[in-house]
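According to our numbering, the stretch in the sequence shown is residues 4 to 93, in order. Heads up, the beta-carbon is just placed ideally off N, CA and C, and yes, glycines get one too. From a predicted model like this one, the values you see are computed outputs, not experimental measurements. I have placed the structure first, in the form of structure tokens, so that the comments after it can refer back to it.
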Amino acid sequence: MIRPATLGLLTALAVAAPAVASAAPQHDVTTQVEASPAAAPARATASDSASYAQREQKDTKVANYEGGSVVVVGISGGALIVLLLILLLI
């Protein structure tokens, strides 16, 4: 009894939400942004730059570091799938 109601609610939200969002009037908002001097990142000193360069020459992992964005996207996608499965089972 609860499952059809849940699926009906999910279907209604999936169909109605984009329609309501696209029907909302769009207002052009003009903003002015001023950069404060404190917001700029500090430049590295010459000794720091030399130490970073030395570290890159010694360790190839540091020189070829690319970050972990794929892992973050994979975890987020996995969490979304688990959430949808839980909602369908309820």
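Collapsed DSSP secondary structure at residue i in the structure displayed
i: R58; result: helix
i: I84; result: helix
i: I89; result: helix
i: T33; result: coil
Residue span of the alpha helix (DSSP H) that contains residue i, given as start and end
i: T48; result: No alpha helix (DSSP H) holds T48; DSSP gives it neither H nor E.
Beta-carbon gap between residue i and residue j smaller than 7 angstroms
i: A53; j: E59; result: no
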